[in-house]
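Scroll down for the structure; my scribbles are underneath it.
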Amino acid sequence: MRDGGPRIGVVGGTGAVGTVTLELLRERGYGNVRVFASARSAGKRLGEHVVEEATPEALSRGDVDVFLFSVGTSASRELVPHAVRGGAAVVDKSAAFRLEPGIPLVVPEVNGGRALEHDGIVANPNCCTIPLTCVLKPLYEEAGLARVRVATYQSVSGAGAQAMERLRNEPQDDHDLRMDWDFDGEEFDEESKLREETRKIMELPDLPLQATCVRVPVMVGHAEAVWIETEAPLPPARARELLSAAPSVRVEDFPSPGKAAGEDEVLVGRIRSDPTVERGLALFLAGDNLRKGAALNAIQIAELLLDAPARAAA
Ligand SMILES: NC(=O)c1ccc[n+]([C@@H]2O[C@H](COP(=O)([O-])OP(=O)(O)OC[C@H]3O[C@@H](n4cnc5c(N)ncnc54)[C@H](OP(=O)(O)O)[C@@H]3O)[C@@H](O)[C@H]2O)c1
């Protein structure tokens, strides 16, 4: 690491997540930041930055301490190994490495210690998994988890900058729910990601979790209706108390994407018992998918890595 703070490379800096990443890095006082994107954006000015092309050569030069990647799964698969080869640590926000055995998948408030077990790559979870695990963790520690059911209401920014532009230009009467993920004949990959990633982060490989994901015509902020069955009884008042004390969680009577947008915390409310099952709890959460759901979570992971002794010395 050089004087002037850690050398940070934001790959995908022109995208929806990359733009917020640059904003947050600036707010947090990081001054030694470079921006990379595809050949399409190379040379473009973004504030004080000039966008560099994310070529294998540029990424493997060894002149960056941590890369924050938000470029999509296939570009990450191709480019991340070059950044690691150059000796940098990479926090990758795509689905490319999340479920790979041996690659930590990290929400700092839930399993932050796992970040330090990396061998070059730490994966950042899906934008619905992050707020869900922040909320499940304290409930699990108190009462165990027998089953989780989730219905999501995901904003358009979760699909990237082009989708945001499309919504801006779409006549209101054409607004509709969408299910714009890969479908395997039964489930969308978004639904299986939510299940598998939650299991990996919480280290509960058999946790029954069923999700239905939809995209709603909202610009920023993902919401989730969650039905939980605990192993031990957990009265709603106690759940509320636990969630009030949980890191990066704020109890709010009626959370909504609008209230969550621009905030760092996951908002959770409507905490009530679900009388249709034994030991059932229902709640509603909302979080900013571009901040805690992506950019902020990745920066928090990078900060864990930067605070730890260098990988080479480990
Ligand atoms: N949006 C969310 O809420 C969210 C949340 C969690 C995780 N993620 C993940 O983060 C990633 C990016 O999402 P996004 O919403 O920011 O997408 P986006 O708005 O479409 O931005 C994509 C970015 O990737 C760059 N890029 C694409 N192909 C590239 C390549 N071959 N080489 C270098 N750069 C390339 C683009 O650069 P150009 O401008 O040059 O095309 C752009 O900067 C995805 O993997 C997504 O799943 C997104």
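Read the sequence shown against this note's numbering and you will find it ends at 369, with the numbers running on by one and no gaps.
Where is the CB? At the ideal position from N, CA and C, for every residue including glycine.
According to DSSP, is residue i part of a helix, a strand, or is it coil?
i      : result
Arg169 : helix
Ala151 : coil
Ser247 : helix
His104 : strand
Val384 : This structure gives no information on residue 384, because the portion of the chain shown stretches from 56 to 369.
Val332 : coil
Cys268 : strand
Ile158 : coil
Val146 : strand
Leu340 : strand
Ala216 : helix
Ala315 : helix
Ala201 : strand
Arg325 : strand
Arg293 : helix
Leu123 : strand
Arg116 : coil
Ala178 : strand
Measuring straight from C-alpha to C-alpha, what distance separates residue i and residue j?
i      : j      : result
Ala218 : Arg116 : 33 Å
Ala109 : Gly142 : 16 Å
Leu101 : Leu200 : 45 Å
Pro156 : Phe238 : 24 Å
Ala367 : Asp120 : Because Ala367 sits at a pLDDT of 43, beneath the cut-off of 50, its placement in the model cannot be relied upon, and the point is left open.
Leu322 : Gly213 : 18 Å
Asp118 : Ser210 : 36 Å
Ala350 : Glu220 : 20 Å
Lys192 : Gly70  : 30 Å
Arg223 : Pro288 : 46 Å
Pro330 : Ile176 : 43 Å
Pro263 : Arg202 : 5 Å
Which whole-angstrom value describes the C-beta separation of residue i and residue j, a residue pair presumed to lie in contact below a C-beta threshold of 8 Å?
i      : j      : result
Ala337 : Arg327 : 5 Å
Ala357 : Leu123 : 6 Å
Gly60  : Leu359 : Contact flag wrong, Cβ pair sits at about 16 Å.
Val88  : Leu79  : Incorrect: roughly 11 Å between the Cβ atoms, too far for contact.
Ala363 : Leu171 : 5 Å
Glu286 : Arg153 : That pair is no contact at about 27 Å.
Val75  : Arg346 : 6 Å
Under DSSP, the alpha helix (DSSP H) around residue i begins and ends at which residues?
i      : result
Val75  : 71–82
His137 : 128–140
Ala350 : Neither: Ala350 is in no alpha helix (DSSP H) and is coded neither H nor E.
Could you spell out where the beta strand (DSSP E) holding residue i opens and where it closes?
i      : result
Ala109 : Note, Ala109: premise wrong, no beta strand (DSSP E); not H, not E.
Ala278 : 277–285
Arg89  : 88–92
Phe309 : First-last for Phe309: undefined, no H or E at that position.
Sorted by chain position, which residues of the same chain lie with C-beta nearer than 6 Å to residue i's C-beta, five sequence neighbours on each side aside?
i      : result
Asn352 : Asn179, Ile185
Ala138 : Leu114, Phe122, Val145
Arg204 : Gln265, Trp282
Pro302 : Glu164
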